[in-house]
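Input: a single structure, listed below in structure tokens.
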Amino acid sequence: MGSQSNPQMKVVTGEYGYVLEDVPHLTDYIPDLPTYPNPLRSNPAYSVVKQYFVDMDDSVPQKVVVHKDTPRGVHFRRAGPRQKVYFASDEVHACIVTCGGLCPGLNTVIREIVHSLDYMYGVNKVLGIDGGYRGFYAKNTITLTPKVVNDIHKRGGTILGTSRGGHDTMKIVDSIQDRGINQVYIIGGDGTQKGAAVIFEEIRKRGLKVAVAGIPKTIDNDIPVIDRSFGFDTAVEEAQRAINAAHVEAESAENGIGVVKLMGRYSGFIAMYATLASRDVDCCLIPESPFYLEGKEHFAKKDKIPVTLKYIDPTYMIRAIPSNASDNVYCTLLAQSAVHGAMAGFTGFTSGLVNGRQTYIPFNRITEKQNKVVITDRMWARLLASTNQPSFLGSKDDGVEDNEVEGYEVESEDGEHPGNKETGTNEIKALDALSA
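The structure is reproduced here in structure tokens:
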């Protein structure tokens, strides 16, 4: 096997086109670190579990559908507990910070990190950073114990508070060093993970024995590589209430139209999945798909058609609720995987689900681009079959060029969508309309 590395990712190549995009390890820049037997060996809950420890060579493929002659492709290191750990239980001083917007499941992740550190590894020094990144140097910390976080998963929001911005790398790392923190758990979206990568870089330059672990958070499901982000299932489920209300309003009035605006400025996953789940939507408009608003003017030829329009925007209702059962389980897996990785000495990684398996992903792979709906994929075709709406990709009869559709351009060859040229914004709308 060959290998090449950069500070944020180690690339290992093998036979038959095998590529492992590995994450950094503390021993990459601090040699001769002592190791300790994993405390889970003597934990009665786990000592009876066969094959509980993950082999160091286990990896998870990014692509599961391949042709017989194609290379094996990119793999990521499989998450889970290792036989040896690089932190003694009594030396661990961990901290947790939440950044960015609210999302269902934040409190569940916080709870499970604290419980995993305490019950699995015997760690009892865990701090919560109050108010996002700036809380490292501008606010007080919160001592987190299993008792403090016992029932927080039943609440929306985050008990630690959150904010956007406030990232001063030097002040943050100085605070980490001054407080004697050696495990940092950062929960946030792509901007937060970029900040986490910068923090990891500064820690590496200073040669500190500090593991930096990220847990990706975005309700829009727009983080690449991973199967989905936590809170997404809850958002789709809660959006049904708004769509159902719009459907009832539209059916109950003459020429009724119900409009529901869902989250996702650049990625239309919530709108697409909510539409497929409800089966009541007649037209779903997302940023990735071009559309035109003017046609053959059938309705314009008629005089004074009465229209009853109801507009519903459930954005903040969806963000602020507790996570559902599916997301609670997922948050547990993400949190436990992050703790296992940090204890095993991995750093500069994000915990994420790839093809149904928990993995450790380098920061730069999470932040390199946004995940978007592919409108030439089967899932979008299923939506078109459900709503019977036009694809908006064919030729128009109204003199509109194929690549100029109501302020949009057709998706470019590289898959990037330029967005709305007139307003500079993208809104996701699920429309429920009854014709006269």
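Each step along the sequence shown adds one to the number in my numbering, with nothing skipped, and position 2 is 2.
In this text, a Cβ means the ideal position worked out from N, Cα and C, and glycines have one as well.
Own chain residues within Cβ distance below 7 Å of residue i, not counting five before or after
{"i": "K194", "result": "T367"}
{"i": "D414", "result": "Below a pLDDT of 50, predicted positions are generally treated as unreliable, and D414, at 40, falls in that range; the measurement from the model is reported next regardless. So the list is empty, once near-sequence residues are dropped."}
{"i": "S89", "result": "P39, Y121, G122, V123"}
{"i": "R111", "result": "V149, I152, H153"}
{"i": "A245", "result": "I312"}
{"i": "E15", "result": "none"}
{"i": "R382", "result": "L276"}
{"i": "V64", "result": "N355"}
{"i": "T27", "result": "L33, G345"}
{"i": "Y273", "result": "V236"}
{"i": "H340", "result": "A79, G80, P81"}
Bridge partner(s) assigned by DSSP for residue i
{"i": "D22", "result": "K10"}
{"i": "A211", "result": "Q183"}
{"i": "Q358", "result": "L353"}
{"i": "Y36", "result": "V85"}
{"i": "L309", "result": "I257"}
{"i": "F76", "result": "V60"}
{"i": "L276", "result": "DSSP, once it has assigned bridges, lists no residue as partnering L276."}
{"i": "K217", "result": "F230"}
{"i": "V126", "result": "A94"}
{"i": "T192", "result": "Note: T192 sits in no beta bridge, so no partner."}
Check whether residue i and residue j have beta carbons under 9 Å apart
{"i": "Y330", "j": "A79", "result": "no"}
{"i": "K369", "j": "Y311", "result": "no"}
{"i": "K101", "j": "R164", "result": "The sequence shown places Gly at residue 101, not Lys. Closer than 9 Å, so yes."}
{"i": "D105", "j": "N328", "result": "It should be noted that the sequence gives Gly, not Asp, for residue 105. Their beta carbons are under 9 Å apart, which means G105 touches N328 by this criterion."}
{"i": "G189", "j": "G166", "result": "no"}
{"i": "V225", "j": "R365", "result": "yes"}
{"i": "T169", "j": "I129", "result": "no"}
{"i": "A211", "j": "F53", "result": "no"}
{"i": "Q240", "j": "A271", "result": "no"}
{"i": "T162", "j": "V85", "result": "no"}
{"i": "R82", "j": "M56", "result": "yes"}
{"i": "N107", "j": "T158", "result": "yes"}
{"i": "P31", "j": "M9", "result": "no"}
CB-CB length for residue i against residue j, believed under 8 Å
{"i": "M263", "j": "T315", "result": "5 Å"}
{"i": "A213", "j": "A342", "result": "5 Å"}
{"i": "V97", "j": "V114", "result": "About 13 Å; that fails the 8 Å criterion."}
{"i": "P216", "j": "G348", "result": "Not confirmed; about 14 Å, so no contact."}
{"i": "F76", "j": "V354", "result": "6 Å"}
{"i": "E288", "j": "I375", "result": "5 Å"}
{"i": "S116", "j": "A335", "result": "6 Å"}
{"i": "V109", "j": "I223", "result": "That pair is no contact at about 15 Å."}
Chain-order list of residues whose beta-carbon lies under 8 Å from that of residue i (same chain, five-residue window excluded)
{"i": "Y29", "result": "R204, G207"}
{"i": "C95", "result": "V126, L127, G128, I129, T141, I176, R179, I181, Q183, V184, Y185"}
{"i": "D174", "result": "Y137"}
{"i": "V49", "result": "none"}
Reference residue i, options the options, closest by Cα
{"i": "H67", "options": "E254, L334, R179, G17", "result": "G17"}
{"i": "H153", "options": "L384, M379, A325", "result": "A325"}
{"i": "A235", "options": "P224, V307, I159, M317", "result": "M317"}
{"i": "T218", "options": "V210, T192, A242, M9", "result": "T192"}
{"i": "G295", "options": "P390, I321, A277", "result": "P390"}
{"i": "N221", "options": "Q183, G268, F363", "result": "G268"}
{"i": "R134", "options": "C99, T143, L117", "result": "C99"}
{"i": "P362", "options": "Q177, P31, I172, E201", "result": "E201"}
{"i": "P44", "options": "V12, Y119, T70", "result": "Y119"}
{"i": "Y266", "options": "R41, Q83, V373", "result": "V373"}
{"i": "I321", "options": "G156, L384, I172, Y46", "result": "G156"}
{"i": "P61", "options": "A196, D227, V48, H25", "result": "D227"}
{"i": "C437", "options": "S229, P24, W380", "result": "The chain is shown only over 1 to 436; residue 437 falls outside these bounds and no answer can be derived."}
{"i": "K171", "options": "V49, A385, L144, K139", "result": "K139"}
{"i": "D233", "options": "S323, R279, A385", "result": "S323"}
{"i": "R279", "options": "K302, A385, P37, V74", "result": "A385"}
{"i": "S229", "options": "K209, H247, T350", "result": "T350"}
{"i": "T13", "options": "A196, K304, V49, V74", "result": "V74"}
Cβ-based neighbour list, residue i, same chain, cut-off 6 Å, excluding 5 preceding and 5 following
{"i": "Q358", "result": "A79, L333, S337"}
{"i": "A242", "result": "V260, I312, P314"}
{"i": "A253", "result": "T308"}
{"i": "F87", "result": "M343"}
{"i": "E91", "result": "none"}
{"i": "H93", "result": "K125, G180, I181, N182"}
{"i": "C448", "result": "This structure gives no information on residue 448, because the portion of the chain shown stretches from 1 to 436."}
{"i": "G399", "result": "With a pLDDT of 40 at G399, under the threshold of 50, the modelled position of that residue is not reliable, and the figure given next carries that caveat. Same-chain partners within the cutoff: there are none."}
{"i": "L144", "result": "V114, V126, G128"}
CB contact check: residue i to chain C, cutoff 9 Å
{"i": "A325", "result": "The displayed structure is made up of one protein chain only, and chain C is not part of it."}
Cβ-heavy atom distance, residue i to the ligand ADP, below 8 Å
{"i": "T387", "result": "Although the ligand ADP was asked about, the structure shown includes no ligands whatsoever."}
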